[in-house]
Amino acid sequence: MKANGFIYLSGYCGLTPDAKLVGEGDMKKQTDQVIKNLKVILEQEGSSLNKIVKTNIFITDMSRYKELNEVYSQYFTTHKPARSCVEVKSLPVPNAIVEIEAVALE
Numbered sequence: 001m002k003a004n005g006f007i008y009l010s011g012y013c014g015l016t017p018d019a020k021l022v023g024e025g026d027m028k029k030q031t032d033q034v035i036k037n038l039k040v041i042l043e044q045e046g047s048s049l050n051k052i053v054k055t056n057i058f059i060t061d062m063s064r065y066k067e068l069n070e071v072y073s074q075y076f077t078t079h080k081p082a083r084s085c086v087e088v089k090s091l092p093v094p095n096a097i098v099e100i101e102a103v104a105l106e
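Be aware that the sequence shown starts at 1, since it is given in full-length UniProt numbering, and climbs by one per residue.
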């Protein structure tokens, strides 16, 4: 969804293009796939990961935040969007343990 120079991306889980969950139970693999998914969508819209200004992250176990952050920080090295991370009981995709939504500049 584009509005007023921004691209709003709904929550993405670690699904492949054929809707298969990557790395069941593996925070690093799922996080990596989520960010790859965000990258593809943003590039299709003429934007990029470097134009993300805010992410909201939902994880099912806050004790695994460090694992998530290890992967996240590989993609956002110098450009560091504002972000929130919240623990949730479950996510809409069965066995998904991380979901990320983002707002980016066009």
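The beta-carbon is built from N, C-alpha and C at its ideal position, and this holds for glycine as well.
8 Å CB neighbourhood of residue i in its chain, flanking five on each side removed
i	result
residue 46	106
Cutoff 6 Å; reference residue i; Cβ partners in own chain excluding five residues on either side
i	result
residue 95	21 and 24
residue 71	28, 31 and 32
Minimum C-alpha distance to residue i - residue among the options
i	options	result
residue 11	33, 63, 4 and 62	33
residue 102	44, 16, 4 and 51	51
residue 65	1, 85, 18 and 14	85
residue 82	100, 91 and 88	100
Whether residue i touches residue j by CB criterion (8 Å)
i	j	result
residue 57	residue 68	yes
residue 93	residue 59	no
residue 104	residue 53	yes
Q) Mind pulling the beta strand (DSSP E) runs of 3 or more residues that sit fully within the segment 48-97? A) 52-59 and 82-87
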